[in-house]
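Asks: Numbering (full-length UniProt numbering), first residue to last: 1 to 356.
In structure tokens, the structure reads:
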């Protein structure tokens, strides 16, 4: 018996429940994408789970470019392989174990009606943050509310004060499964986001200790002040290592578009944990979905916006989940001091600790 033929029964059951949420049905064509020797156990378990639902599942494997660095988005081993892309566009669903986000290839598949599910976390994170229909309903309601808004305003007692004019770009929800044609989602997740109008994001963002530089899987240890003018960061200030790290890393891409303000939104998954990076013993093997999804975070970001239909495809993407912020839409409170307060979005048990 070869290693590739050994299938984890518990993993099959986990993916079976996930694929049911994704409405996988008999006769559907399901492609499982992976690169090199990555995720062989996931490939086998997904093939088994899809088969149990009557789907026709198959694996597509390519080699990865090992030179890519952290926070590089939209660059993946499927780029330029038009024959493969044409085949994938004919599938009902694609499970992405590679990382197609912010790429033309992903957008082309979505336009063709393909459901796409990204999976990047190890099993213990998938189980801890497993999606629910209740989460999906709250996230979708958040999407509806955000779609109606014309202005998003973020403040904090630390000095953040930034305004996003809205309406040019769509709103995207992530609740952990893909159940509609053309929908992309990330298993697990739990947040909603949009993009400010081109040239209409202005203000100051004060990053504090405990905020997260997701690309580096680390908490900030010192304050960083970002000045934003007409949709771009024009100044990065701070006396500690964090300001130097952020400033020099983004500059290293030699791309002025790396300073563009990207998506903005808030986290709603009460099963996600802000402190996860400190508590886990397997951080090297994990992605950052706890950080992006934790309840009440305001998810600020720099870099590309092609996911939302924009033209900025810079390779530098920096997600920065922030704690203790307040967010309003056209003056209506959504998040107050790091706690979701809108009555249609709130989870009563998910009260953040005092002092945020």
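In this text, a Cβ means the ideal position worked out from N, Cα and C, and glycines have one as well.
Is it true that the CB of residue 318 sits closer than 8 Å to the CB of residue 149?
Replies: Contact: no.
Asks: From residue 97 to residue 260, what distance separates their C-alpha atoms?
Replies: Using only the alpha carbons, I get a separation of about 28 Å.
Asks: Going by Cα to Cα distance, which pick from 230, 224, 171 and 94 is closest to residue 208?
Replies: Among 230, 224, 171 and 94, the Cα nearest to that of residue 208 belongs to 224.
Asks: In the DSSP assignment, what residue or residues form a beta bridge with residue 204?
Replies: Paired residues: 161 and 227.
Asks: Taking the alpha carbon of residue 296 as the reference point, which residue from 252, 211 and 198 has its own alpha carbon closest?
Replies: Minimum Cα distance to residue 296 is reached at 211.
Asks: Just the Cα atoms here: how many angstroms apart are residue 59 and residue 43?
Replies: One C-alpha to the other measures close to 7 Å.
Asks: Note down, one range per segment and in chain order, each alpha helix (DSSP H) of at least 4 residues found wholly within the region 112-192.
Replies: Correct list: 123-128 and 133-148.
Asks: Is it right to say residue 321 is buried, meaning 16 or more other beta carbons lie within 10 angstroms of its own, or is it exposed?
Replies: It counts as buried.
Asks: Return yes when the Cβ of residue 63 is within less than 8 Å of the Cβ of residue 31, no when it is not.
Replies: No; because the gap between Cβ atoms is not below 8 Å, this pair is not in contact.
Asks: For residue 304, which three-state DSSP category applies?
Replies: Coil.
Asks: Can you tell me whether residue 330 is buried or exposed, with buried defined as 16 or more other CB within 10 angstroms of its CB?
Replies: By the neighbour-count rule (16 or more Cβ atoms within 10 Å), residue 330 is not buried but exposed.
Asks: Is the region 83-103 touching the region 127-136, taking contact as three or more C-beta pairs under 8 Å?
Replies: No: fewer than three Cβ pairs fall under 8 Å.
Asks: According to the neighbour-count rule (16 or more other Cβ atoms, all chains shown, within 10 Å of its Cβ), is residue 389 buried or exposed?
Replies: The structure shown does not extend to residue 389, since the chain spans only 1 to 356, so no value can be given for it.
Asks: Would you kindly check if the distance between the Cβ of residue 179 and the Cβ of residue 23 is under 8 Å?
Replies: Their beta carbons are under 8 Å apart, which means residue 23 touches residue 179 by this criterion.
Asks: Going by DSSP, what residue range makes up the beta strand (DSSP E) through residue 235?
Replies: Segment 232-237, the beta strand (DSSP E) holding residue 235.
Asks: Helix, strand or coil: how does DSSP classify residue 269 here?
Replies: Strand, per DSSP.
Asks: Going by other Cβ atoms of all chains shown within 10 Å of its Cβ, with 16 needed for buried, is residue 276 buried or exposed?
Replies: Counting Cβ neighbours within 10 Å, residue 276 comes out buried, since at least 16 surround it.
Asks: For the putative contact between residue 135 and residue 176, defined by C-beta atoms under 8 Å, what is the C-beta separation to the nearest angstrom?
Replies: With 8 Å as the limit, residue 135 and residue 176 qualify as a contact, their Cβ atoms being about 7 Å apart.
Asks: Return the chain-ordered list of same chain residues with a C-beta closer than 7 Å to the C-beta of residue 160, the five sequence neighbours on each side being excluded.
Replies: Cβ within range, chain order: 154, 204, 205, 206 and 325.
Asks: Could you compute how far the alpha carbon of residue 332 sits from the alpha carbon of residue 151?
Replies: Straight-line Cα distance between these residues: approximately 10 Å.
Asks: What are the boundary residues of the beta strand (DSSP E) that includes residue 56?
Replies: That run of the beta strand (DSSP E) goes 56-62.
Asks: Counting along the chain, where does the alpha helix (DSSP H) carrying residue 293 start and finish?
Replies: Note, residue 293: alpha helix (DSSP H), 289-293.
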